[in-house]
Amino acid sequence: MRYIQGENRSQSALFPLSLDELIPDDHLVRVIEAYISLLDLERLGFDKARPKATGRPSYDPADLLKLYLYGYFQRIRSSRRLEAECQRNVEVMWLLGRLAPDFKTIADFRRDNSAAFTATCRAFVQFCRHAGLVAGELVAIDGSKFQAVASNRKHMTPKKLKHQEAALEKRIARYLAQLEEADHSEESAIERSAVQAALRELQVKKANNQTCQGLMEAQGLVQHIVGESEAQKMRTPSGKFVAYNIQSAVDAEHCLILHHEVTQDGADRQQLEPMAKAAKAELEQPQLSVTADAGYSNGEQFQACEDAGITAFVPPNRSVNNQG
């Protein structure tokens, strides 16, 4: 039995005549193209949404936004990987008209237009609402823990920093003693330059430790994540990790996310009011009903929601004082 044979790579072909013939009519990239064409990028706040009359031409922000939306759907977040997709992926070639921006251009676009990206998410919610894809009668609120890039080793507390400072001081004292011993010994076995280099490194670490302690004390912080200060160490189903608590408000009927927020709070008890108010603002409704699990049970939050015209359906949390 023969194997299925591929085409001869050197064989000339007349078909397909265009990239368009390679993309099915119901493909995702056609949806992205149609949606982006409806947006007023200048009103949303995108930089360079209106081309300048002079100077070198820049990439159209609509094209770069298409690339990012495609990447999000395909779980591609790296600017270098998006650059690679532009050069090898037929779907992206169709979407961008064979444009191939480099990774720095792609990364800078996201950095320079973070507020516009948020506005685009809000515009999508409004688009769904006007298209009848949001019922708006009941909104479900819940939180999910997303692990941060930083590891638990980067988690610092005042107590941990004090312990580290004490350990560094002991090591510095040991190296100083070695240098002192070498000064009084005619035949020393240690290499002074290596010891001095190690000593300088420890002194830099001690200075950084003291700087971190000073910043935490000045800002009243009880914990700090080195290199990712927005994250916090939280309890998750898999244990304690450096993470973010992502809050989402979802239309209960059509399961579309109306609003989301990245928070540093490991618990949900203070999140009901802000999330419910944000969802109500997105829906532009005078009244709203929301539901959440027992982790959101908080008397003060219930009262604040009621004052804002929001009815909250939340079961009592028997494990804590939920009266406020």
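Numbering-wise, the numbering used here puts 308 at position 320 of the sequence shown, and it's gapless, one number per residue. Ideal placement from N, C-alpha and C gives every residue a C-beta, glycine not left out.
1) Buried or exposed: where does residue 5 fall if 16 or more other Cβ atoms within 10 Å of its Cβ makes it buried?
2) I want to know whether the segment 257 to 276 touches the segment 222 to 237 - three or more CB-CB distances under 8 Å.
3) Determine the burial state of residue 138: buried for a count of at least 16 other Cβ atoms within 10 Å of its Cβ, exposed for fewer.
4) Going by DSSP, what residues sit across from residue 130 in a beta bridge?
5) When you compare each of 253, 163 and 119 to residue 186 by their alpha carbons, which one comes out closest?
6) Using the Cβ count rule (16 or more neighbours within 10 Å means buried), how would you classify residue 230?
7) Got a sec, what are the start and stop residues for the beta strand (DSSP E) residue 62 sits in?
8) Would residue 192 be called buried (16 or more neighbouring beta carbons within 10 Å of its own) or exposed?
9) To the nearest angstrom, report how far apart residue 306 and residue 286 are at their CA atoms.
10) Could you tell me which whole beta strand (DSSP E) segments of length 3 or greater appear in the segment 221 to 300?
11) According to the neighbour-count rule (16 or more other Cβ atoms, all chains shown, within 10 Å of its Cβ), is residue 67 buried or exposed?
12) Tell me residue 81's beta-bridge partners as DSSP assigns them.
13) Give me whichever residues DSSP pairs with residue 213 in a beta bridge.
14) So residue 159 packs on residue 170, CB below 8 Å; how close in whole Å?
This is what the structure gives:
1) With fewer than 16 other CB atoms across the displayed protein chains lying within 10 angstroms of its CB, residue 5 is exposed.
2) yes
3) buried
4) 236
5) 163
6) buried
7) Unbroken run through residue 62: none, as it is neither H nor E.
8) Exposed, because fewer than 16 other Cβ atoms sit within 10 Å of the Cβ of residue 192.
9) Our two residues, residue 306 and residue 286, have alpha carbons roughly 11 Å apart in a direct line.
10) Counting only runs of 3 or more, we get 227 to 239, 245 to 251 and 276 to 279.
11) buried
12) For residue 81, which the question treats as bridged, DSSP gives no partner whatsoever.
13) 143
14) With a Cβ gap of about 17 Å, residue 159 and residue 170 do not count as contacting.
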